[in-house]
Amino acid sequence: MKIEETPLKDCVLIHNSVFNDDRGFFFESFNAERFCNLTGKFINFVQDNQSHSVRGVLRGIHFQKGEHAQSKLVRVIKGEVLDVAVDLRPASPTFGQYFSVILSDTSNTQLFVPRGFGHGFIVLSQEVDFFYKCDNFYNKASEGGIMYNDLDLNIDWKMNASEILVSKKDEQNLSFAAFKKSMGCS
451 MKIEETPLKD CVLIHNSVFN DDRGFFFESF NAERFCNLTG KFINFVQDNQ
501 SHSVRGVLRG IHFQKGEHAQ SKLVRVIKGE VLDVAVDLRP ASPTFGQYFS
551 VILSDTSNTQ LFVPRGFGHG FIVLSQEVDF FYKCDNFYNK ASEGGIMYND
601 LDLNIDWKMN ASEILVSKKD EQNLSFAAFK KSMGCS
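Residues in the sequence shown are numbered consecutively from 451, following the working numbering.
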């Protein structure tokens with residue numbers, strides 16, 4: 451396991467060591483002790499989630515507020531996505547900035563998204579199985595979202611707008627300006 455810092459404070463990429471032979475491959479996708487030693491953070495993951503989506507599906511940008519905020523460790527089991535983390539912590543030096551990375555079943559790379567971040571992904575392959583660990587339980591009353599096509603964030607989703615499939619719920623997400631206002635930021 452190797453950690454790579456991203457431009458966003460506290461958000462890191464994790465590169466796993468993969469052992470291949472004529473039978474296939476093996477890798478350890480998570481080890482709490484190693485993760486803590488390499489990042490300096492002890493994370494107690496309590497919930498695992500998995501989704502299946504087809505090309506063009508964009509899920510995000512989602513977050514949990516307050517005491518229900520979640521850190522996530524995300525990876526792709528099958529296929530390829532453009533994964534995006536947005537720093538939504540007003541006191542952070544990287545507030546309002548995003549980081550994107552292509553995650554795939556062949557890269558064996560994971561992204562650690564800390565509490566206080568928004569998260570989303572778009573499916574680049576024909577289909578994808580996406581998996582993530584959370585360090586807090588989902589709470590419907592604490593969920594929130596930022597528009598994937600917000601002009602202030604200006605995220606490059608690497609796909610034409612006409613190909614993007616977004617849920618009705620995600621079409622109702624806040625603009626980044628409205629989010630900042632709700633947080634008491636100017």
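All residues carry an ideal CB built from backbone N, CA and C; glycine is no exception.
Can residue i and residue j be called in contact, C-beta distance under 9 Å?
i: L574; j: I605; result: no
i: D585; j: K522; result: yes
i: I493; j: F581; result: no
i: G570; j: G516; result: no
i: T544; j: I464; result: no
i: L508; j: W607; result: yes
i: Y588; j: Q497; result: yes
i: S617; j: L624; result: no
By how many angstroms is the C-alpha of residue j removed from the C-alpha of residue i?
i: V531; j: F495; result: 23 Å
i: A628; j: V536; result: 15 Å
i: V504; j: D579; result: 9 Å
i: Q520; j: D555; result: 24 Å
i: R539; j: N487; result: 25 Å
i: F549; j: F485; result: 21 Å
i: G506; j: Q576; result: 8 Å
i: A500; j: E621; result: Per the sequence shown, residue 500 should be read as Gln rather than Ala. C-alpha separation (whole angstroms): 22 Å.
i: S557; j: N466; result: 9 Å
i: G595; j: A482; result: 29 Å
Let me know the secondary structure DSSP gives residue i once reduced to three states.
i: A627; result: helix
i: N487; result: helix
i: G594; result: strand
i: S632; result: helix
i: D620; result: helix
i: A519; result: coil
i: S612; result: helix
i: Q541; result: Reading the sequence as shown, one finds Ala at residue 541 and not Gln. Three-state DSSP puts A541 in coil, outside helix and strand.
Sort out for me which residues DSSP pairs residue i with in a bridge.
i: S554; result: E530
i: I464; result: I453, Q560
i: D471; result: G474
Just reading off the beta strand (DSSP E) that residue i is part of, what are its end residues?
i: G570; result: 567-573
i: R509; result: 508-514
i: Q500; result: 497-504
i: Y588; result: Taken as a continuous stretch (DSSP letters only), Y588 belongs to no beta strand (DSSP E), as it is neither H nor E.
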